[in-house]
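*Asks:*
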Amino acid sequence: MGFSVTFWGVRGTIPCPMASHLGFGGNTSCVEVQAGKQRIIIDAGTGLRMLGRKLLAEGVTGATLLLSHTHLDHISGFPFFAPAYTKGFGLRVISGHLNGGPDIESVMARQMERPLFPVPLRTMGGDLSFLEVPPGHSFKLEGGVRIHTAALNHPDGATGYRIEYQGRSVAYVTDTEHVPDHPDRNILNLVDGVDLLLYDSTYTDDEWVQRIGWGHSTWMEAVRIARAAHVKTLGLFHHDPDHDDATMERIEAAAKAEFANCFAAREGTTISLD
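So in UniProt numbering, spot 168 of the sequence shown is number 168, and the numbers just go up one at a time.
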């Protein structure tokens, strides 16, 4: 079996299910990585709901969920993930950003408590487990998959991931704020030579100046990182909900002019890494 990446949610901040945004998609962050028999999900934004339906339809019996962090746009799909309610489905939830705060199971349960949500986490019928991995650590999954992590610059913390399988690699680096003229060494080390980099490209450079401290980056910084780290293909990710399809097309064209092997992630598309 192969190595592929499928986008189920590409937006940041809040869903934007408007006609003007359908070309790129309106769901928040959720990416499926299939590495041989392993199903790896990165982030549990609103795109997770439809991915869950697909996994059940395909008879998948387990998955690993990697969380970059637990801001709402990255976990709000979790209560609607049907496999987690399904007896016999094994879901391993991994996070690495909490730094001595509440554990990841408590955080995921809290959003499912009244008065926020009527169905508590404890009623989920799947076989759920929760694990925290400190940023900078690496670990293995079954089937020859290796995952590396790195700390990102984001309010309340965030974790970037690099997934390696059969000599190919994909890195997921979203919800991080750059410092001008000082590339983040954690990120450069994580994404060095990666086949596909998905990077936080929420803003244009002009927009970012007005939003310093919000914890996000720009498509131009994505290009700079990709060049410095010898990335093979760059995927712009975590699109601002105010960027409609026309805006996203302009951003994509500008980015491709600077880095030819570049695209803006679109919901529903699959990238093969074989």
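Ideal Cβ positions, reconstructed from N, Cα and C, are used throughout, including at glycine.
Fair warning: this is a prediction, and the values are worked out from it, not measured in the lab.
1. Please classify Thr149 as buried or exposed, where buried requires at least 16 other C-beta atoms within 10 Å of its C-beta.
2. Mapping the DSSP letters down to three states, classify Phe78 as helix, strand or coil.
3. Assuming Gly125 and Lys87 are in contact, meaning their beta carbons sit under 8 Å apart, how far apart are those beta carbons, in whole angstroms?
4. Could you spell out the range, first to last residue, of the beta strand (DSSP E) harbouring Ala171?
5. Could you tell me whether the segment 224 to 244 touches the segment 4 to 24, using the rule of 3 or more Cβ pairs below 8 Å?
6. Would you list the residues sitting across from Gln38 in a DSSP beta bridge?
7. Do Ser68 and Thr174 have their CB atoms nearer than 7 Å?
8. DSSP on Ala57, reduced to helix/strand/coil?
9. Between Tyr165 and Val145, what straight-line distance do the alpha-carbon atoms span, to the nearest angstrom?
10. Run through DSSP, which three-state label would Ile271 get?
11. In chain order, which continuous runs of the alpha helix (DSSP H) of length 4 or greater are located wholly inside the segment 132 to 206?
12. Per DSSP, what kind of secondary structure is Arg92 in: helix, strand or coil?
*Replies:* Working from what's here:
1. Locating residue 149 in the sequence shown gives position 149, counting from the first residue. Buried.
2. For this step, residue 78 is matched to residue 78 along the sequence shown. Here Phe78 sits in helix by DSSP.
3. Here residue 125 is taken as the residue at index 125 of the sequence shown, counted from 1. Here residue 87 is taken as the residue at index 87 of the sequence shown, counted from 1. Yes, Gly125 and Lys87 are in contact; Cβ-Cβ is about 5 Å, under 8 Å.
4. For this step, residue 171 is matched to residue 171 along the sequence shown. Run containing Ala171: Arg168 to Val173, per the beta strand (DSSP E) assignment.
5. yes
6. Along the sequence shown, read from residue 1 onward, the residue named residue 38 stands at position 38. In the DSSP output, where bridge partners are listed per residue, Gln38 has Ala35.
7. Residue 68 sits at position 68 when you count from the first residue of the sequence shown. Residue 174 sits at position 174 when you count from the first residue of the sequence shown. Cβ distance < 7 Å, so Ser68 and Thr174 count as in contact.
8. Here residue 57 corresponds to residue number 57 of the sequence shown, with the count starting at 1. Correct three-state label for Ala57: helix.
9. For the purposes of this step, residue 165 is taken as residue 165 along the sequence shown, with counting starting at 1. For the purposes of this step, residue 145 is taken as residue 145 along the sequence shown, with counting starting at 1. Each residue's Cα considered, the two are about 5 Å apart.
10. Translated into the one-based positions of the sequence shown, residue 271 becomes position 271. Note: Ile271 maps to strand in three-state DSSP.
11. 185 to 191
12. Along the sequence shown, read from residue 1 onward, the residue named residue 92 stands at position 92. Taken through DSSP and simplified to helix, strand or coil, Arg92 comes out as strand.
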